[in-house]
Amino acid sequence: MRKFIFFLSLAIISQHIKSQEITGEIINSFGKPIEGAYVFHSESNTHVHTDSKGIFTITDMKIGDHLKISHVGFETTEFVLTTFNHKIEIKLKEKTISLNEVIIEPKLNALNLFTKINIETNPVKSSQEILQKVPGLIIGQHAGGGKAEQLFLRGFDIDHGTDVNITVDDMPVNMVSHAHGQGYADLHFLIPEIIQKIDFGKGTYYANKGNFTTAGYVGFETKNHLEKNTIKTELGQFNYIRVLGLLNILNKDSENAYIATEYILNDGPFDSPQNFNRINLIGKYTTQLNHNDWLSFLVSTFSSKWDASGQIPERAVNSGLISRFGAIDDTEGGTTSRTNFNMHYTKNIDEESFIKNTVYYTKYAFELYSNFTFFLEDSINGDQIRQKENRQLFGFSSELNKKFSTNTTEVLSQLGIGLRNDLINNDELSHTVNRKTTLNKLALGDVNETNLFSYLNVEISFGKFMLNPALRLDYFKFMYDDKLSDTYQTQSTTKTIFSPKLNFLYSFSKNLQFYLKSGKGFHSNDTRVVVSETKKSILPAAYGSDLGFIWKPNSKLILNGALWYLYLEQEFVYVGDAAIVEPSGKSVRKGVDIGARYQLNDWAFFHTDLNYAYARSIEEEKGNDYIPLAPDLTFTGGLDIIHPSGLYGSLGFRHIKNRPANEDNSIIAKGYFVTNINAGYKISNHVTFGFNIENLLNTEWNETQFATETRLFNEPESIEEIHFIPGTPFNFRGFIKYEF
Numbered sequence: 002m003r004k005f006i007f008f009l010s011l012a013i014i015s016q017h018i019k020s021q022e023i024t025g026e027i028i029n030s031f032g033k034p035i036e037g038a039y040v041f042h043s044e045s046n047t048h049v050h051t052d053s054k055g056i057f058t059i060t061d062m063k064i065g066d067h068l069k070i071s072h073v074g075f076e077t078t079e080f081v082l083t084t085f086n087h088k089i090e091i092k093l094k095e096k097t098i099s100l101n102e103v104i105i106e107p108k109l110n111a112l113n114l115f116t117k118i119n120i121e122t123n124p125v126k127s128s129q130e131i132l133q134k135v136p137g138l139i140i141g142q143h144a145g146g147g148k149a150e151q152l153f154l155r156g157f158d159i160d161h162g163t164d165v166n167i168t169v170d171d172m173p174v175n176m177v178s179h180a181h182g183q184g185y186a187d188l189h190f191l192i193p194e195i196i197q198k199i200d201f202g203k204g205t206y207y208a209n210k211g212n213f214t215t216a217g218y219v220g221f222e223t224k225n226h227l228e229k230n231t232i233k234t235e236l237g238q239f240n241y242i243r244v245l246g247l248l249n250i251l252n253k254d255s256e257n258a259y260i261a262t263e264y265i266l267n268d269g270p271f272d273s274p275q276n277f278n279r280i281n282l283i284g285k286y287t288t289q290l291n292h293n294d295w296l297s298f299l300v301s302t303f304s305s306k307w308d309a310s311g312q313i314p315e316r317a318v319n320s321g322l323i324s325r326f327g328a329i330d331d332t333e334g335g336t337t338s339r340t341n342f343n344m345h346y347t348k349n350i351d352e353e354s355f356i357k358n359t360v361y362y363t364k365y366a367f368e369l370y371s372n373f374t375f376f377l378e379d380s381i382n383g384d385q386i387r388q389k390e391n392r393q394l395f396g397f398s399s400e401l402n403k404k405f406s407t408n409t410t411e412v413l414s415q416l417g418i419g420l421r422n423d424l425i426n427n428d429e430l431s432h433t434v435n436r437k438t439t440l441n442k443l444a445l446g447d448v449n450e451t452n453l454f455s456y457l458n459v460e461i462s463f464g465k466f467m468l469n470p471a472l473r474l475d476y477f478k479f480m481y482d483d484k485l486s487d488t489y490q491t492q493s494t495t496k497t498i499f500s501p502k503l504n505f506l507y508s509f510s511k512n513l514q515f516y517l518k519s520g521k522g523f524h525s526n527d528t529r530v531v532v533s534e535t536k537k538s539i540l541p542a543a544y545g546s547d548l549g550f551i552w553k554p555n556s557k558l559i560l561n562g563a564l565w566y567l568y569l570e571q572e573f574v575y576v577g578d579a580a581i582v583e584p585s586g587k588s589v590r591k592g593v594d595i596g597a598r599y600q601l602n603d604w605a606f607f608h609t610d611l612n613y614a615y616a617r618s619i620e621e622e623k624g625n626d627y628i629p630l631a632p633d634l635t636f637t638g639g640l641d642i643i644h645p646s647g648l649y650g651s652l653g654f655r656h657i658k659n660r661p662a663n664e665d666n667s668i669i670a671k672g673y674f675v676t677n678i679n680a681g682y683k684i685s686n687h688v689t690f691g692f693n694i695e696n697l698l699n700t701e702w703n704e705t706q707f708a709t710e711t712r713l714f715n716e717p718e719s720i721e722e723i724h725f726i727p728g729t730p731f732n733f734r735g736f737i738k739y740e741f
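Using my numbering, read the sequence shown as starting at 2 and increasing by one per residue.
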């Protein structure tokens, strides 16, 4: 009996020794961690995903057990456990993307795999393409790249950023209380070729996203290293020139640094050349302080200058007074610049927790000349205005990530705090003539706006379910010094808003996920309104919900769909172009999103997104409740090719249906269907030739449109009608790229 007990105890101990928990790290060929890699344990038929540090943990592992590791854009790798004596490190090799390797992660923002696929199959090639990589988001350019784009998403005419939160490396892009418009988001300081990742989410459901996150958010992440040095030259119609340089300074396993620069000249198709020029310079340094701690610095500066023909009235074109590319006032235009400093520090505490820290500083200048009404207000000098500001923006954020787990439940939590402060000197609106003479100042003052915030986000996973409760708290302090006032007075007010979220995910399998999202978001109002108009909402809230799915029915097809609803307490009320407050009330939007990604063969991919939205003001009479310029139907898609021979290309399209331009739908903004094509051929390891064509079919279309009341110089009365900026005609650009 004693021998039996001895050998039984020895067997139990032996079994315990043989079966252990292991921790591993998944990295790419440059030694950088890979987040979201799928790790499958063959013997137990279980799987896990790597975290943001590339770390995974699997229990019940034995010597000889097999792991299968896969991730979009990397070769699938098999690993056999041979020892418990050291931490596992597995390196994945990059390869052409294959939808067969796509795993639908049990994450709140799992739809990000679509932007990953979009970038891998058709990399961003111009600043015009950056935001349009987000499914359902369409842009319209006002000034050939001088001004921030007009954005359309989920039944919103977002103007330049009122209802979508945009960041680059966690640094805010949206400008509060901007001289031209609230939430103004100019992304032109970002060079497309250094974009590593586009994170996005639609709706109000994300605790770490604050102001302007009503229709959704877009977060860009820049590369920590360059695969190759690159020199690229592009030449095109309308005197277009672009020169790009990407240069590695350091390229080690634990230390990287590079410089990226871009210079653009462009006259555009207009009768009066726009004389557009822009220069960008970006430097980034990344170092691994120890095995899991990372520190990075990004410094960038950008400036641009342009002339513009502005938006023109239909009647002037129809009468032959001007051409579609003519101007009523061709002295419009402006200058802008932005310099950024951004630091990221990720500190590993232990295997279950780490802290992410971001500190940023921005110096920004903006001066814009526009004439929207021509001679409506001043029949002699015209109605040209100048909008101008100088701004300093600084802030920080810190987020503690911690993981808890039991045999049946895993809990991930994020606790974050942060600060943002905007100091704006001489936020100005003036009446000018010919960009030379200032007739009178309509608004002038200094803005000091501070936002303190904190949030708690918890993800509780048990079996196939994930429950995600979250709460965000924002505190705002608004201060304004009106320099046109006869007496000195700092007008100020404060406001606090709580934003709860509650989301549910059900992962039926690695190929099918259902979700129900709900939450409260908000957008702030302009400081000049907040301190003077007590009847207007300071932080109008938005309440939203999504019911949707992501489904991979076979190895080559991924589908997504969602029904959504959004209630907004108040549309924006401050009109920066006139320094006036217009009444605006509650609104409701609801709709459907449908998308598909299909791999035809090893080198051809098709994608499409169809988005329908019903948008109405709910405090107006029926028939007079349309929301101007809110798109109800958008449709985008394309065919992308990456052939092993070195040939690549993309044929894409975008469509916006006709939409109301005013509240009673009596004025219509015309829809359009535009196609673009690009192609290239890599003739060696170093040289690539290619071309881009905008508006392949030479469609006559209006890129941006507004219902505006104007009066021309020779008109006795004003007229309200569509005013537009014409879309680019057929536009060919060729390029040569040298990599080394």
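For each residue, glycine too, the CB sits at the ideal point set by N, CA and C. Computed from a prediction, not measured in an experiment: that's the story for all the values here.
Where residue i sits in the DSSP three-state scheme
i	result
Glu314	Before going on, a small fix: residue 314 reads as Pro here, not Glu. Residue state, collapsed to three classes: strand.
Arg529	helix
Lys348	strand
Ser128	helix
Glu79	strand
Pro193	helix
Leu188	coil
Lys63	coil
Pro256	Note on residue identity: the sequence assigns Glu, not Pro, to residue 256. It is a strand residue.
Thr116	helix
Thr97	coil
Asn693	strand
Glu121	helix
Asn319	helix
Glu36	coil
Ser15	Unreliable placement is indicated for Ser15, whose pLDDT of 44 sits below 50; the coordinate value is still reported in the next sentence. Reduced to three states, the DSSP call for Ser15 is helix.
Gln133	helix
Glu102	helix
Trp307	strand
Other residues of its chain near residue i: CB distance less than 6 Å, five sequence neighbours each side excluded
i	result
Glu664	Asn625, Tyr627
Ser43	His67
Asn341	Ser301, Thr363
Val244	Thr234, Tyr264
Phe674	His656
Phe477	Asn452, Lys496
Member of the options whose CA lies at the smallest distance from the CA of residue i
i	options	result
Asp170	Ile595, Phe499, Ile196	Ile196
Asn209	Phe397, Asp384, Lys364	Phe397
Glu353	Leu401, Thr711, Ala614	Leu401
Tyr286	Lys233, Leu299, His644	Leu299
Trp565	Arg590, Lys69, Ser510, Ser500	Arg590
Phe75	Tyr649, Arg387, Gly184, Ile35	Ile35
Ile167	Ile139, Tyr206, Gly217	Gly217
Phe607	Ala563, Phe573, Leu558	Leu558
Gly520	Ala542, Lys69, Ser508	Ala542
Arg734	Phe239, Leu424, Leu290, Glu79	Phe239
Phe725	Leu282, His50, Val318, Gln133	Val318
Environment of residue i [buried if 16+ CB atoms lie within 10 Å]
i	result
Ile6	Because Ile6 carries a pLDDT of 49, less than 50, the predicted location of this residue cannot be relied on, and no value is offered for it.
Ile64	exposed
Gln393	exposed
Asn677	buried
Asn372	buried
Asn504	buried
Thr729	buried
Check whether residue i and residue j have beta carbons under 8 Å apart
i	j	result
His143	Thr705	yes
Leu248	Ile260	yes
Gly32	Asp254	yes
Lys203	Asn679	no
Ser556	Leu100	yes
Contacts around residue i, its chain only, beta-carbon distance under 8 Å, and the 5 residues preceding and following it disregarded
i	result
Gly145	Asn267, Gly269, Gln275, Phe277, Trp307, Ala309
Trp604	Thr97, Ile642, Ile643, His644, Pro645
beta-carbon residue i near the ligand SAH non-hydrogen atom, thresh 7 Å
i	result
Lys357	As far as ligands go, the structure on display features none, and thus does not contain the ligand SAH.
Neighbourhood of residue i by C-beta distance below 7 Å, restricted to the same chain and skipping five residues each side
i	result
Ile13	Confidence at Ile13 is low in this model, with a pLDDT of 44, below 50, so its placement is unreliable and the value that follows should be read with caution. Cβ neighbours of Ile13 beyond the five flanking positions: none.
Ile104	Tyr39, Ser71, Lys511
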